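**Student:** Before we start, here is the structure in question, set down as structure tokens.
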Amino acid sequence: MLKVIEIKQNVFEDNNREADKLRAYLKENKTYLLNLMSSPGSGKTTTLKRVIEGLKNEMRIGVIEADIDSDVDARAVKEAGAKAVQVHTGGMCHLTADMTRQGLDALGIDDVDFCVLENVGNLVCPAEFDTGATKSAMILSVPEGDDKPLKYPLMFEVVDLVIVNKIDAAEFFDFSLELVTERIHKLNPGIEIISISAKTGEGVGKLL
């Protein structure tokens, strides 16, 4: 029999306090912050560009792009019409609430109604750290498989919305939307799941 040892230690107390402070700050400034998470290559930036294009005439949008060492995504969302700032994590695979606050300060939110934190591409670490965001969402792409909720349950438990991307490629992969929906709802009953193709634009209107 496989022996599994679980070490449970709350090393996140300081971060949680900072996250609560940040949420209060955002509420005071009337800025909505969405923490967007996913695996690398799931289509976060392409999806974000679609959302920016759909909302930029209705609200002032800001984006904090978190990456280990790149500014490619920040330039892409700027071209789409959003105010953006790049945050390099120095090798860390996630953002803390303090790092998020630094990103917001660098961005400047006095003229931002809706801000998206595009977190580091990872399904493990980002799920463990409260960034102080108003709400959290994650993108699961069809090529990743419908077993991701089984492998990374915490990610699906902590988010408020799941976006299933690349549905235009579903016929080429062994992926069941019905099965993945069932698995997600076992972890997070009642959570909204929206299927889209960021490439073609199918379903993106449901995000706006």
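Taking numbering that gives the first Met the number 0, I'd label the letters of the sequence shown as residues 0 to 207. Glycine residues also receive a C-beta, built at the ideal position from the N, C-alpha and C atoms. As the structure is a computational prediction, the values presented were derived from the model and not from experiment.
1. Less than 8 Å between C-beta atoms, sequence neighbours within five positions excluded: which residues of the same chain meet that for Asp167?
2. Under the rule that 16 or more other beta-carbon atoms within 10 Å means buried, what is Ile6, buried or exposed?
3. Under three-state DSSP, which class holds Glu57?
4. Roughly how many angstroms lie between the CA atoms of Glu12 and Phe128, to the nearest whole one?
5. Figure out for me which residue from Pro142, Ile183, Val123 has the closest Cα to the Cα of Phe171.
6. Out of curiosity, what's the CA-to-CA distance linking Lys134 and Leu33?
7. Please report the residue range of the beta strand (DSSP E) in which Val84 lies.
8. In the structure shown, what three-state DSSP assignment does Ala79 receive?
9. With burial defined as no fewer than 16 other Cβ atoms inside 10 Å of the residue's Cβ, what is the status of Asp145: buried or exposed?
10. What does Leu106 pair with, by DSSP beta-bridge criteria?
11. If you compare alpha carbons, which of Lys26, Asn164, Val111, Asp109 is closest to Ala136?
**Tutor:** So, from the data block:
1. The beta carbon of Asp167 is closer than 8 Å to those of Ser196, Lys198, Thr199, Glu201 in its chain, skipping five residues each way along the sequence.
2. Only weak support exists for where Ile6 lies, its pLDDT of 40 falling under 50; the coordinates are left without a value.
3. coil
4. 10 Å
5. Pro142
6. 5 Å
7. 82-87
8. Reduced to three states, the DSSP call for Ala79 is helix.
9. Asp145 is classed as buried because its beta carbon has at least 16 other beta carbons within 10 Å across all chains shown.
10. Bridge partners of Leu106: none, in fact.
11. Asn164
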